[in-house]
Ligand code: NZQ
Ligand code: ZN
């Protein structure tokens, strides 16, 4: 196992009817900005519960953060936060709203061009406003991590930043609030969490038994419970398990002390930026081909994945690895997420555009061992057709 430091300061408040906790968790006297998206929080009681918990406080609100949040929209909120002197933010929604709020929190206290936060992948962030999240879509893990992905609409650049200053102070996870998710977003959330685990687990053996067994348990939970959430949307325990699973998939725990890949995500971000595909859709397209092409360097872990997660008992490592990739693709498809570029009318010409974007964003040595250069990205994408 590699050396690591693990520090996750985000407090999690989990369960039915927990949004009222905002009242006791946010210190008196704070000027609060509630940030949300296109209005889903008004259809499932989230907005009402937040406002009632904050009764008597100074509360402002900013709506309209879009899926794949844009710099352009978020900067409007930064101006309002500054103008009103807000000193505490609440992100109410899915990963996009939480990611957007992380950027707002950092940009509000940044005295240079805020795009530099993204250009430096967050390394120039020295401080940020404190914020909490009220999660309504289990998927990204943003509620308990320090990452964020922002899109500059003008240049079609979708890029991540990371800073220990943008961990949420606390996050409220009420599974009841996920009942209103449309099936497409339920499926997206399952695929996104699945691929987060894959990016940290399907690399090379690091003799990290705890991380491996955690990752395998999380993957099995998604395989078992994911389809049930689609079949029976108001099954509380299923929703609760998926919600906690998605948080645990990307809060630093399973990634500590092991190699990490993330090439599927970086290629996927370009597909979203260019073609507007949902984040999870891009992952469902790229992951199976990425694993297939890089099977030689990932063989041992892929075979372990096959034996322990997919219960493949027969054959050699090569067979088990191949089968595990096939079953993974089948799982995504069974959730209603198509896994081929051609399913979305993207052909060879699109691949050239993605590769050009990767080049311009310096995404030229991806993967846990840097083997995914532009040529390999092209080959992966060609396998996705
Ligand atoms: O905008 P509203 O009206 O709230 O509607 C949203 C949105 O249209 C809707 N929704 C959310 N909760 C709902 C609901 N609809 C009904 N009932 C509910 N309870 O769902 C739509 C999608 O929301 P979004 O926040 O965009 O989805 P998701 O949580 O999948 O977030 C995706 C974003 O997170 C980034 C992605 O790149 C993408 O921009 N990621 C962030 C990561 C991180 N911070 O660690 C890691 C991920 O890999 C990912 O890259
Ligand atoms: Zn993701």
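In this note's numbering, the protein residues as written are 269 to 653.
We put the CB at the ideal spot given by N, CA and C, even for glycine.
- Task: Could you tell me how far apart the beta carbons of residue 407 and residue 457 are, in whole angstroms, since I believe they sit closer than 8 Å?
- Result: 4 Å
- Item | Residue from 415, 370 and 531 with nearest C-alpha to residue 360 | 370
- Where residue 434 and residue 363 are concerned, what is the direct C-alpha to C-alpha distance, given to the nearest angstrom? 14 Å
- Using CA coordinates, which residue listed in 345, 357, 332 and 335 is at the minimum distance from residue 326? 357
- Residues bridged to residue 351 [DSSP beta-bridge criterion]: Residue 351 pairs with nothing; no bridge assigned.
- Message: Distance check for residue 451 and residue 599, CA to CA, integer angstroms please.
- Response: 15 Å
- Message: Using a Cβ-Cβ cutoff of less than 6 Å, which residues in the same chain neighbour residue 276 once the five nearest sequence positions on both sides are dropped?
- Response: 519 and 520
- Message: Do residue 344 and residue 328 have their beta-carbon atoms positioned less than 8 Å apart in this structure?
- Response: no
- What distance in whole Å lies between the Cβ atoms of residue 309 and residue 404, which are believed to be in contact at a cut-off of 8 Å? 6 Å
- What's the gap between the Cα of residue 426 and the Cα of residue 582? 42 Å
- Go ahead and pull the three-state DSSP assignment for residue 495. helix
- Message: Just checking residue 566 against ligand 1 - is the residue's beta carbon closer than 7 Å to any of the ligand's heavy atoms?
- Response: no
- Alpha-carbon spacing of residue 652 relative to residue 609, whole angstroms: 6 Å
- Item | Span of the alpha helix (DSSP H), counted from its first residue to its last, around residue 537 | 531–543
- Task: Could you check which residue in 422, 299 and 367 has the C-alpha nearest to that of residue 541?
- Result: 422
- Taking 7 Å as the cut-off, is the CB of residue 504 close to at least one heavy atom of ligand 1? no
- Backbone secondary structure at residue 503 - three-state DSSP: coil
- Query: Would you say the stretch 623–634 touches the stretch 533–548, given that touching needs at least three Cβ pairs under 8 Å?
  - Reply: yes
- Task: Would you decide whether residue 494 is buried or exposed? Buried here means 16 or more other CB atoms lie within 10 Å of its CB.
- Result: buried
- Task: Excluding the 5 residues preceding and the 5 following residue 640 in the sequence, name in chain order all residues of the same chain whose CB lies nearer than 6 Å to its CB.
- Result: 531 and 634
- Item | Beta-carbon contacts of residue 472 that lie in its chain and below 8 Å, excluding the five residues immediately before and after | 527, 565, 566, 568, 569, 636 and 637
- Message: Beta-carbon within less than 6 Å of residue 382's beta-carbon, same chain only, minus the 5 sequence neighbours each way: which residues are those?
- Response: 375
- Query: Is residue 533 near ligand 2, going by C-beta to nearest heavy atom under 7 Å?
  - Reply: yes
- Query: Cβ of residue 463 within 7 Å of any heavy atom in ligand 2?
  - Reply: yes
- Excluding five sequence neighbours on each side, which residues of the same chain lie with their C-beta closer than 8 Å to the C-beta of residue 506? 493, 496, 497 and 500
- Item | Environment of residue 353 [buried if 16+ CB atoms lie within 10 Å] | exposed
- Message: I'd like to know whether the C-beta atoms of residue 461 and residue 514 end up nearer to each other than 8 Å.
- Response: yes
- Task: Flag this pair as yes or no: are the beta carbons of residue 511 and residue 441 separated by less than 8 Å?
- Result: yes
- Query: Should residue 272 go down as buried or exposed, given a rule of 16 or more other Cβ atoms within 10 Å for buried?
  - Reply: exposed
- Message: Let's see if you can read the secondary structure: which residues bound the beta strand (DSSP E) around residue 281?
- Response: 279–282
- Message: Closer than 7 Å to a non-hydrogen atom of ligand 1 - does that hold for the CB of residue 446?
- Response: yes
- Item | Residue range of the unbroken alpha helix (DSSP H) whose run includes residue 566 | 563–576
- Item | Buried versus exposed call for residue 367 [16 or more other C-beta atoms within 10 Å across all chains shown] | buried
- residue 284: which of 270, 304, 299 and 317 sits nearest, CA to CA? 317
- Count the other CB atoms within 10 Å of the CB of residue 478; is the residue buried (16 or more) or exposed (fewer)? exposed
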